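Trainee: I'd like to ask some things about the structure below.
Number of protein chains: 2
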Amino acid sequence: MTEKIHPVILCGGSGTRLWPRSRIARPKPFLPLMGEQTLFEATLERCSDPAVFAPPIIVTGSAHLAHVTAQSASAAGSTIIVEPGAKNTAPAIALAARHLPADAIMLVCPSDHYIADVAAFTAAARTAGSLAADNWMVAFGIEATSPETGFGYILAGEDIPGQPGGKRIQRFVEKPDLARAQRFLDAGGYSWNGGIFAFRAGALLAELDHHRPEMAHAVERAMALAGSDIDTVHPDADAFAGIAGESIDYAVMENTARAAVVAANMGWSDIGNWEALRDARLRDAQMRDADGNVRLGPGELVACRNVMVDSDGPTVSVIGLEDVVIVVDGNDILVTTTAGAQKVGKLHGAANQ
Amino acid sequence: MTEKIHPVILCGGSGTRLWPRSRIARPKPFLPLMGEQTLFEATLERCSDPAVFAPPIIVTGSAHLAHVTAQSASAAGSTIIVEPGAKNTAPAIALAARHLPADAIMLVCPSDHYIADVAAFTAAARTAGSLAADNWMVAFGIEATSPETGFGYILAGEDIPGQPGGKRIQRFVEKPDLARAQRFLDAGGYSWNGGIFAFRAGALLAELDHHRPEMAHAVERAMALAGSDIDTVHPDADAFAGIAGESIDYAVMENTARAAVVAANMGWSDIGNWEALRDARLRDAQMRDADGNVRLGPGELVACRNVMVDSDGPTVSVIGLEDVVIVVDGNDILVTTTAGAQKVGKLHGAANQ
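Line by line, the protein sequences are chains B and L. This note's numbering numbers the first residue of the first sequence as 7 and each following residue consecutively. This note's numbering numbers the first residue of the second sequence as 7 and each following residue consecutively.
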């Protein structure tokens, strides 16, 4: 494959599950949660090798435009498509597909995930690009390493001839309960659906036209009437407003006859809550101490294991805890067990920002 | 007994075990840890019934004089004795004894303990005063309600004829290990030594003169050379400086032939660390919630049990914890298991104030 891949970076998110660090006005993609770069910056950098990638297309809402502009300054040639409203992933991806030539290969990437192994990501992107060029609708299948109940799963089917590394998708599975997730893990063949996809732009639009004609036409109209300057596209708000929001999984992937999966073992995390962030940081030898604790900001941990402290200033001293996350952000302090991390979004502070 | 009891309030303390709320410059007695009053103010109020008590004598160091003055304004007729140095309890008590007439009955009270049942305290004080008038050296024996390893114990002996409620002290026991503390609790007859004592001033000085003649003479000299104004006494620093510091327990109580104990079941706590404060607050129905949590300051507790949050401002949100104490004070945050609370004084923040 010699054609360059067009990264399509999706920037949304509400900012409650990593409260109080993430906020509605400062959501997860724009925070430096893993190292110095923000997740968004790292996503851009991951897709910046000019031997593989064309300049990125960033799809975002007006609420995040200031963050996007500030943090994408170094991405030469990038285009920003400003969604007139939040309509889930299918319309966002279709806007980008409409913007590109029909033969362009798109790689759709969420901007709020972490990927430790960039080389593995790039290799999977090349494989997926090759399949997409052959009109496959390609999902990355993230290697399942634990019985996660927070992700959808992909069951891989038979090999695709002439496409090494590509398999047909036999089935998409909704988020399972723990017992079922464990069976998936034991059985093998199941991977996590991480929301990373590759398409040929024209092929995606044809599938959308077939399975969701109203959405396809609304997107076409919104782009035909779009205002734009040199690097920003403003799809028409009225045309876009009538769209029923839907994920690309439901709108296309589960309906197409040409769904493919590419296995990706690349140290991926969706950093979906404080436990996931703690785990991702613990896997980074430079971030953990000898007792398996992570401390960002001043403080002291005594007789602690697998504790994460993340303070924006105050000194945090911790004694005797295990599997607890402590976050200090301005006037808000969160102390939660890792098991309780999934309840963070329901806290008054997070829900009533 | 009709003679009034002279409260002798001892105000010292270093301020590390309740760090970060207590500090060297703002130690425990002067903090409102239980309700609106500080422990020192509550100690004064407990000894303020003019039918029972004479005005108090407060023994403190110059470092705490500002706190003492500010918080004792309402104690009419009080006298402050400013210790020239910290020499443990025996010299401090002897200074007060020297200041009083020989026949005065003294009730020595630490200023950093909590007593829930003031009526029980007063009743025990009357009983102890009666024994002291008969030249007994009297210790309060705090009812042992758990196998505490942090206190010395008093083993009561035979009844003292003509003194209902008074028993001879058979033995003082150093802080025991847990197994021994449990045996004491099972055996009965053992009570905690809470550092509350009653003496006739002249009798105490006679005992001190007998068992610690050098200390007795140094105190006598320090008071003979003392400077004083209407309500403050400054014992002579040079005379006081040569004293070898020692507790009243070692200097007098364990040597006298006339040691007595009065049982006191009065909801006492020494509030010796964050666990003890958590426990004292949990016993107060107005301070705990339905799940056995205590929250001072803004915040939210979800799926927590026996958690105490004590914040001076920031909002603290807690999920899923049990038996944990969280304290916010200025730029310092402490998160500790109750079992770990005894290590607080060793934290860098507490040790290097």
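From the three backbone atoms N, C-alpha and C, an ideal C-beta is built for every residue, glycine too. Keep in mind it's a predicted model, so treat the numbers as computed, not measured.
Out of L:Pro13, L:Ser84 and L:Glu42, which has the shortest C-alpha to C-alpha gap to Asp6 (chain L)?
Mentor: Nothing about residue 6 (chain L) can be reported from this structure: the residues present for chain L run from 7 to 359 only.
Trainee: Using the Cβ count rule (16 or more neighbours within 10 Å means buried), how would you classify Gly355 (chain L)?
Mentor: Burial call: buried.
Trainee: What are the boundary residues of the alpha helix (DSSP H) that includes Ala230 (chain B)?
Mentor: Pro219 to Ala230
Trainee: Below 7 angstroms on C-beta distance, what does Asp244 (chain B) contact in chain L?
Mentor: What Asp244 (chain B) touches in chain L: nothing, since even the nearest Cβ is about 41 angstroms away.
Trainee: Please report the Cβ distance between Gly135 (chain B) and Ile111 (chain B), rounded to the nearest whole angstrom; I am assuming they are in contact, meaning their Cβ atoms lie under 8 angstroms.
Mentor: 5 angstroms
Trainee: Please report the residue range of the alpha helix (DSSP H) in which Gln77 (chain L) lies.
Mentor: Annotation: the continuous alpha helix (DSSP H) that includes Gln77 (chain L) extends over Leu71 to Gln77.
Trainee: For the pair the region 194 to 207 of chain L and the region 268 to 286 of chain L, tell me if three or more CB-CB distances fall below 8 angstroms.
Mentor: A contact is defined here as three or more CB-CB pairs under 8 angstroms, and the region 194 to 207 of chain L meets this definition with respect to the region 268 to 286 of chain L.
Trainee: Could you check what DSSP says for Arg264 (chain L) in three-state terms: helix, strand or coil?
Mentor: Here Arg264 (chain L) carries a coil assignment [DSSP, helix/strand/coil].
Trainee: Counting only Cβ pairs nearer than 8 angstroms, list the residues of chain L close to Asn337 (chain B).
Mentor: Proximity of chain L to Asn337 (chain B) at the Cβ level (cut-off 8 angstroms) is accounted for by Gly319, Pro320 and Thr321, in chain order.
Trainee: Within the 8 angstroms Cβ cut-off, does Ala185 (chain L) reach chain B?
Mentor: no
Trainee: Say whether the region 88 to 105 of chain L touches the region 15 to 24 of chain L, bearing in mind that this needs 3 or more beta-carbon pairs closer than 8 angstroms, one atom from each stretch.
Mentor: yes
Trainee: So with CB distances below 9 angstroms, who are the chain B contacts of Glu306 (chain L)?
Mentor: Leu353, His354 and Gly355
Trainee: Run down chain B in chain order and give the residues with a C-beta less than 8 angstroms from the C-beta of Ala309 (chain L).
Mentor: Gly346 and Lys349
Trainee: So, with DSSP's three-state summary, where would you put Leu214 (chain L)?
Mentor: helix
Trainee: If you count every other CB in all the chains shown that lies within 10 Å of the CB of Gln77 (chain B), and 16 or more means buried, which is it?
Mentor: buried
Trainee: Kindly identify the DSSP beta-bridge partner or partners of Ala162 (chain L).
Mentor: L:Ile175
Trainee: DSSP has Glu328 (chain L) in a bridge; who is on the other side?
Mentor: L:Arg311
Trainee: For the alpha helix (DSSP H) containing Leu16 (chain L), list its first residue and its last residue.
Mentor: Where Leu16 (chain L) is concerned, there is no enclosing alpha helix (DSSP H), although the beta strand (DSSP E) it sits in stretches over Ile11 to Cys17.
Trainee: So what does DSSP say about Arg52 (chain B), is it helix, strand or coil?
Mentor: helix
Trainee: Leaving aside the five residues before and after Gly168 (chain L) along the sequence, list all residues of the same chain whose C-beta is less than 6 angstroms from its C-beta, in chain order.
Mentor: none
Trainee: Rounding to the nearest angstrom, what Cα-Cα distance links Val88 (chain L) and Ala296 (chain L) in this structure?
Mentor: When rounded, the distance between both Cα atoms is 45 angstroms.
Trainee: Quick one: list the residues of chain B neighbouring Gly326 (chain L), beta-carbon separation under 8 angstroms, in chain order.
Mentor: Gly326 (chain L) reaches chain B at Thr342, Thr343, Ala345, Gly346 and Lys349, counting residues in chain order whose Cβ is nearer than 8 angstroms.
Trainee: Assess, as a yes-or-no matter, whether the region 339 to 355 of chain B is touched by the region 248 to 266 of chain L under the definition of 3 or more beta carbon pairs within less than 8 angstroms.
Mentor: No contact exists between the region 248 to 266 of chain L and the region 339 to 355 of chain B.
Trainee: Check the Cβ of Ile332 (chain L) against every Cβ in chain B and list those closer than 7 angstroms, keeping chain order.
Mentor: Val341
Trainee: My parser needs the alpha helix (DSSP H) runs of 4 or more residues fully inside the region 94 to 171 of chain B; what are they?
Mentor: 95 to 105 and 124 to 139
Trainee: From Thr344 (chain L) to His217 (chain L), what distance separates their C-alpha atoms?
Mentor: Near 41 angstroms, if we compare the C-alpha coordinates of His217 (chain L) and Thr344 (chain L).
Trainee: In terms of residue numbering, what span does the alpha helix (DSSP H) encompassing Ala286 (chain L) cover?
Mentor: Trp280 to Leu288
Trainee: Tell me whether Ser80 (chain L) is buried or exposed, calling it buried when 16 or more other Cβ atoms sit within 10 Å of its Cβ.
Mentor: That one is exposed.
Trainee: Beta-carbon separation of Arg52 (chain L) and Gln359 (chain L) under 8 angstroms?
Mentor: The answer is no: Cβ separation not under 8 angstroms.
Trainee: Which residue marks the beginning of the beta strand (DSSP E) containing Arg301 (chain L), and which one marks its end?
Mentor: In the DSSP assignment, Arg301 (chain L) falls within the beta strand (DSSP E) that extends over Val300 to Leu302.
Trainee: Using CA atoms only, rank isn't needed, just tell me which of B:Lys34, B:Lys181 and B:Gln188 is closest to Thr151 (chain B).
Mentor: B:Gln188
Trainee: If you run the structure through DSSP and keep just helix, strand and coil, what is Val258 (chain L)?
Mentor: helix
Trainee: Determine the direct distance from the alpha carbon of Val124 (chain B) to that of Ala130 (chain B), and round the result to whole angstroms.
Mentor: Distance between the alpha carbons of Ala130 (chain B) and Val124 (chain B): 10 angstroms.
Trainee: Any idea what DSSP makes of Gly346 (chain B), helix, strand or coil?
Mentor: helix
Trainee: Quickly, what does DSSP pair His354 (chain B) with across the bridge? List them, please.
Mentor: His354 (chain B) is not bridged to any residue.
Trainee: On a CA-only basis, which of L:Ala69, L:Arg104, L:Thr44 and L:His12 is nearest Pro62 (chain L)? Give me that one, please.
Mentor: L:His12
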